[in-house]
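Residue numbers (mature numbering (1 follows the signal peptide of the UniProt record, and there is no 0)): -18 to -1, 1 to 290. Here a beta-carbon is modelled for each residue, glycine too, at the ideal position from N, C-alpha and C. What follows is a short report on a single structure.
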């Protein structure tokens, strides 16, 4: 502030001396305003410290005043605050395991070469001594015969011999079992009509309730039909059927036969197969054919039959 006052006094004095006497007196008033701005800078770590710049402000003068340099004051730069580094904690000691000392290998003694035995000279065979001649043996003198009588020879001891056991009497062998008699089948002869006659065949009776027989036709008790044995049925192809019509194609189906029992005869048609008949040509009669032969009881009988 003192410098500003001195400068202002000098200006006023020079102006008063230069002013003409005969001119109108003018009064000049100059105000100098100086602002001081203090800038604080905080520096962290190792960052560079910026240099504070001085801020100056100059009041605007009148339009007829000449611009003059205004002294500015630069505040002294304050030293930047640098925080003291925090003491670092000492690093914990790192455990270093002790190094085990490896045992030094003991030197292996090199085997000493064994001394080789010196070859011994082979022993020379010694000459065999020649055998000395052995003296001839002298004959021994024979004893003079004594005058004593010879002692009797000892008797042999008797050995017990057991009596022989009686020989076992052979038992009679069982008589061989008689061979089974061959099965008798009914004889077959030719009839006067040209068909085969089957004699002494078994005839039985069975019921027909309208179910279809082996030939595919429904059968009832009032029909003159018979069922031929399974053996004769299979001998002519068994149960075969026409692929077009579905009818049975076995040749026995529809065959006419004449049955004779104790002088009575009847004619019937083969329309079924008898699976329970034992003989190859046994027949099973319907109730109507059974009644036509004059039979009333239900049993098994012997009869003859032939193709009609």
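Quiz prompt | Residue closest to residue 188, alpha-carbon to alpha-carbon, out of 244, 287, 231 and 210 | solution = Position 206 of the chain shown holds residue 188. Measuring from the Cα of residue 188, the nearest candidate turns out to be 210.
Quiz prompt | Residue environment, residue 190, which counts as buried when at least 16 other CB atoms sit within 10 Å | solution = Within the chain shown, residue 190 is the residue found at index 208, counting from 1. Flag for residue 190 reads buried.
Exercise. Taking residue 216 as part of the alpha helix (DSSP H), name the residues at either end of that continuous run.
Key: Translated into positions along the chain shown, residue 216 becomes position 234. Its alpha helix (DSSP H) spans residues 212 to 217.
Exercise. Could you tell me whether the Cβ atoms of residue 241 and residue 235 are closer together than 8 Å?
Key: Position 259 of the chain shown holds residue 241. Position 253 of the chain shown holds residue 235. Using a Cβ distance threshold of 8 Å, residue 241 and residue 235 do not count as a contacting pair.
Quiz item: Expressed to the nearest angstrom, what Euclidean distance is found between the alpha-carbon atoms of residue 288 and residue 181?
Solution: As a first step, residue 288 must be located in the chain shown, where it is residue number 306. As a first step, residue 181 must be located in the chain shown, where it is residue number 199. Taking the straight line from one Cα to the other gives about 9 Å.
Quiz item: What are the residues that DSSP puts in a beta bridge with residue 263?
Solution: To locate residue 263, count along the chain shown from 1; it is residue 281. Answer by DSSP bridge pairing: none, since residue 263 is not bridged.
Self-check item: Three-state secondary structure assigned by DSSP to residue 277
Solution: One-based indexing of the chain shown puts residue 277 at position 295. In the structure shown, residue 277 sits in coil (DSSP, three-state: anything other than H, G, I, E or B).
Quiz prompt | Alpha carbon of residue 179 to alpha carbon of residue 286, nearest angstrom | solution = Within the chain shown, the letter at position 197 stands for residue 179. Within the chain shown, the letter at position 304 stands for residue 286. Each residue's Cα considered, the two are about 7 Å apart.
Self-check item: Proximal residues to residue 204 (C-beta, below 7 Å), its chain only, five neighbours per side dropped
Solution: Against the chain shown, residue 204 aligns to sequence position 222. Same-chain partners within the cutoff: 270.
Self-check item: 7 Å CB neighbourhood of residue 218 in its chain, flanking five on each side removed
Solution: As a position in the chain shown, residue 218 is number 236, starting the count at 1. Hits under 7 Å: 232, 233 and 234.
Practice problem: Over the uninterrupted beta strand (DSSP E) stretch that includes residue 253, give me the two end residues. | Solution: Stepping through the chain shown from its first residue, residue 253 is reached at position 271. Unbroken beta strand (DSSP E) run through residue 253: 246 to 256.
Quiz item: With a cut-off of 8 Å, does the C-beta of residue 287 fall near any C-beta of chain D?
Solution: Absent from the structure is chain D; it holds one protein chain and no more.
Practice problem: Going by CA-CA distance only, name the one from 22, 225, -15 and 283 that's closest to residue 243. | Solution: Here residue 243 refers to the residue found at position 261 when the chain shown is read from its first residue. The residue with the shortest Cα to Cα distance from residue 243 is 283.
Self-check item: Where the beta strand (DSSP E) through residue 199 begins and ends
Solution: Against the chain shown, residue 199 aligns to sequence position 217. Element bounds for residue 199: n/a, residue is neither H nor E.
Exercise. Figure out for me which residue from 275, 238 and 266 has the closest Cα to the Cα of residue 291.
Key: Only positions -18 to 290 of the chain appear in the structure, and residue 291 is not among them; the question remains open.
Exercise. Below 8 Å on the Cβ atoms is my guess for residue 364 versus residue 207; work out the distance and round it to an integer in Å.
Key: One cannot answer for residue 364 here, as it falls past the ends of the chain, which runs -18 to 290.
Practice problem: Write down the C-beta distance between residue 267 and residue 250 rounded to the nearest angstrom, noting that I regard them as a contact closer than 8 Å. | Solution: As a working mapping, residue 267 is identified with position 285 in the chain shown. As a working mapping, residue 250 is identified with position 268 in the chain shown. Rounded, the Cβ-Cβ distance is 7 Å, consistent with contact.
Practice problem: Work out the CA separation of residue 278 and residue 186 for me, nearest whole Å. | Solution: Position 204 of the chain shown holds residue 186. Position 296 of the chain shown holds residue 278. Going by the C-alpha atoms only, they are around 12 Å apart.
Quiz prompt | Contact set for residue 257: own chain, Cβ-Cβ below 6 Å, skip 5 residues either direction | solution = Taking the first residue of the chain shown as 1, we reach residue 257 at position 275. For residue 257, where only same-chain residues beyond five positions count, the Cβ hits under 6 Å are 212.
Quiz prompt | Buried or exposed (CB count within 10 angstroms, at least 16 for buried), residue 265 | solution = Taking the chain shown and counting its residues from 1, one reaches residue 265 at position 283. Buried: at least 16 other Cβ atoms inside 10 Å.
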